[in-house]
Amino acid sequence: MIHEKFGIFLDFETDSVKAEADNPLHARVEQAVKRAEEVLVLLSGYGEGGKQIIANTDPEKQEENWTKLCGLMLTLAQSKQASDDLNSFVPEIVGQIWSGLNQGGSRKSMTQIIQEHMFLMLQLGKILDIVMRFDEQKRRSFSISNDISYAKRQVQIRQKNKTGAVQDKYKEAVNIQTLERLSMFYINATPSLSNTISITRSSTNNPDVTAQQLELIVVFCKICKKIL
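So the number in this note's numbering is just where the residue sits in the sequence shown, counting from 1, plus 1.
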């Protein structure tokens with residue numbers, strides 16, 4: 002373990018630590034983080050969601066309200082996808098940080114490993130930060146589960162009555178299969194973080210993952226805790 006005397010500090014606001022141009026993972030993670038930040042802004046504007054839409058029974062507003070509801074479902078679908086994309090990087094990031102452990106026949110220290118992969122350490126921290134911010138926004142938007150259920154009912158009614166086709170930009174988000182997946186995801190109190198834990202647990206259950214790799218995750222958490 003890293004003793005407190007090492008005083009490792011991760012500056013999550015610095016621009017001095019750059020991605021390596023010849024490392025494909027660096028570029029992919031950076032792109033996913035930027036995309037997630039953009040989607041998080043959309044989710045933060047979810048507000049009361051479909052509360053007013055569901056309450057408005059004016060027949061003349063039916064199609065307008067349907068379009069608004071489709072927009073909300075698209076936001077939820079994009080948020081889930083961004084969360085899934087970020088979490089998919091966690092095992093790969095940990096694996097790459099740990100690579101080269103025994104280069105040259107001598108075991109590197111945990112301090113050396115972290116310093117050599119500072120960009121990925123910072124990106125891992127940003128991923129966890131965004132994940133928790135996603136879940137915080139989800140908790141503030143109390144109507145999400147109800148909105149999804151209402152959207153599912155509306156899709157079924159419209160399919161039965163053969164009315165109100167879904168606009169092309171909403172088709173991937175507003176269909177029964179996608180809405181079912183959204184329902185299962187958002188029913189969790191902390192959907193994004195739960196996904197992180199599930200993916201990390203699956204990767205660490207792999208027999209090829211050593212105890213030292215698990216130690217890296219623990220050390221990273223201790224560093225962040227000390228910074229806070």
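The beta carbon of each residue, even a glycine, is placed where N, CA and C say it ideally should be.
Can you grab the Cα-Cα spacing for the pair TRP67 / CYS222, in whole Å?
44 Å
Can you find at least 3 beta carbon pairs, one from the segment 180-189 and one from the segment 74-93, that sit closer than 8 Å?
yes
May I ask you to report which of helix, strand or coil DSSP gives ALA37?
helix
Throw me the rounded Cβ distance for the PHE90 and LYS19 pair, which I believe falls under 8 Å.
About 18 Å; that fails the 8 Å criterion.
Do ILE128 and LEU87 have their beta-carbon atoms positioned less than 8 Å apart in this structure?
yes
So ALA152 is in the alpha helix (DSSP H); what residue range does that whole segment cover?
145-162
DSSP-derived helix/strand/coil call for MET2
At MET2 the pLDDT is 44, less than 50, meaning the model places this residue with poor confidence and gives no usable figure here.
Run through DSSP, which three-state label would ASP59 get?
coil
Sequence-distant residues of its chain with Cβ nearer than 8 Å to MET2 (five each side left out)
Low confidence applies here, because MET2 scores a pLDDT of 44, under 50, leaving its location unreliable; read the following figure in that light. If we look at MET2 and ignore the five residues flanking it on each side, its Cβ neighbours are MET111, GLU216, VAL219, VAL220 and LYS223.
Reference HIS27; option with closest CA among LEU70, THR58, GLU38 and ILE98:
ILE98
Determine the contact status of PHE143 and LEU44, defining contact as a CB-CB distance below 8 Å.
no
6 Å CB neighbourhood of LYS227 in its chain, flanking five on each side removed:
none
Confirm, please, whether the CB-CB distance from ARG36 to ALA78 is below 8 Å.
no
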